[in-house]
Structures are given as C-alpha cells and as structure tokens.
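Asks: Dumping the structure here so I can ask a few things about it.
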Amino acid sequence: MQLVYALRDLNNGSETMSESKYSVLFICVGNSARSIFAESILRKSAGDRFDAYSAGTRPGSQLHPFAVQVLNDKGHDISTLYSKDISEFMAPSAPKFNFVFTVCDHAEDEYCAAWEGQPITAHWGTKDPVKADGNDAQKALAFQEAYGALKQRIDLFTSLNKATLSQLDIQKSVHEIDKEI
C-alpha cells in the first residue's frame, strides 16, 4: 500500500507548514541503543527541520558500546549523546513535542498519552539489539538491523508531503509507517 504523508503546522493549527522546527521525542526502555539511534538518525538526516531527542523509561548509565560503534561507523556525531530519563522531558522547562514515538519491541507507549499539547504519537516497535544472543558478530548484526529498521521509518517520516491533512490523518499516517517496515 502506498502511503501519502502530510504535515500541517501543529504549533498553531494553521493549514500550512511553519518555518519553525518540529520537536520529536523517541522513547524506549534503556535509552542505550534504539531511541539513541532514532535521535541520531533524525538529527543527521533532517536536523534543519526537526529537533530530535530521546529518553528511556529505565535508562542505564551509558550508551551500549555496540550502538556507539554503529553510530561512529555511520558518521553520526555522538558527542552530545547520553542515556536520559524520561522525567527530564516532563519538566515545565522541557521542550514541547510535536511528535512522540516509542521504539520498543513491545507496547511502551503508555507515556505518549500524557504529553502536554497532545503531540502526534506512534509506536514503531523495533527488536531490542541489547538482548541479542551469540558471538560479537551476531550481536553487531542485531544492532545494524535495529539501526536499519529505524532509518527506514525515519526516512518515511522525513519525506512527508507538505500538503494539508487533518491531525487525525497525520496520526494515522505515522502509525502506518510501522506497518510499512
């Protein structure tokens, strides 16, 4: 099925795309691989149009070494990346999000409904590479696969047609991205 994606200015309800950036938050449990991948991919591929952030519901103290290696190999700037707790983005001074995506391989999107401003939400389930078994080559492959799946979703997301759709249609479209991969 061919999907048509569109975006309208969610900040003020106008029917045209604004020149301001949209804020996107990616959430997973550990914030050591999948959500970090998504933040980095969006920042690199469309940082002129989106501010990307990531957080974990139970973050670890550091990024997973295999995730760091994948990001380095793909030319991402990792200097500002660290595991963040979702509570950092619930404070009054936190950015206001236009989009909130969960990227866990199980439904962790209960946090999405609570976001101020009613951002568009979707669950883009991605298998957790941190749980991969096997030797280092097999584990590295799991991280490459997770990165690739998220890159495909983000490429679809960033190729949105700027035509006008209702917020409901936009919500439906971002949910469909997960079905495309």
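89 is the number that this note's numbering gives to position 100 of the sequence shown; each next residue is one higher, with no gaps.
Each residue gets a CB set at the ideal place from its N, CA and C atoms; glycine is no exception.
Only counting runs of 3 or more residues, tell me where the beta strand (DSSP E) segments fall wholly within the segment 57 to 107, in order along the chain.
Replies: As far as the segment 57 to 107 is concerned, its whole beta strand (DSSP E) runs of at least 3 residues are 88 to 91.
Asks: What are the boundary residues of the alpha helix (DSSP H) that Ile159 is part of?
Replies: It spans Gln156 to Glu169 - the alpha helix (DSSP H) in which Ile159 sits, taken as one unbroken run.
Asks: Should Pro118 be flagged as near chain C, meaning a C-beta pair shorter than 8 Å?
Replies: Looking for chain C here will not work: only one protein chain is present.
Asks: With 16 as the cutoff for other CB atoms within 10 Å, does Glu169 come out buried or exposed?
Replies: With fewer than 16 other Cβ atoms within 10 Å, it is exposed.
Asks: At what residues does the beta strand (DSSP E) containing Ala111 begin and finish?
Replies: Where Ala111 is concerned, the enclosing beta strand (DSSP E) stretches over Ile109 to His112.
Asks: Buried or exposed, going by whether 16 or more other CB atoms sit within 10 Å of the CB of Asn20?
Replies: Asn20 should be labelled buried.
Asks: Are there 16 or more other CB atoms within 10 angstroms of the CB of Leu157, so buried, or fewer, so exposed?
Replies: Exposed, since its Cβ has fewer than 16 Cβ neighbours within 10 Å.
Asks: Pair every Cβ in the segment 71 to 85 with every Cβ in the segment 113 to 129, then say whether three or more of these pairs are closer than 8 Å.
Replies: With a cut-off of 8 Å, the segment 113 to 129 and the segment 71 to 85 do not count as touching, because too few Cβ pairs lie within range.
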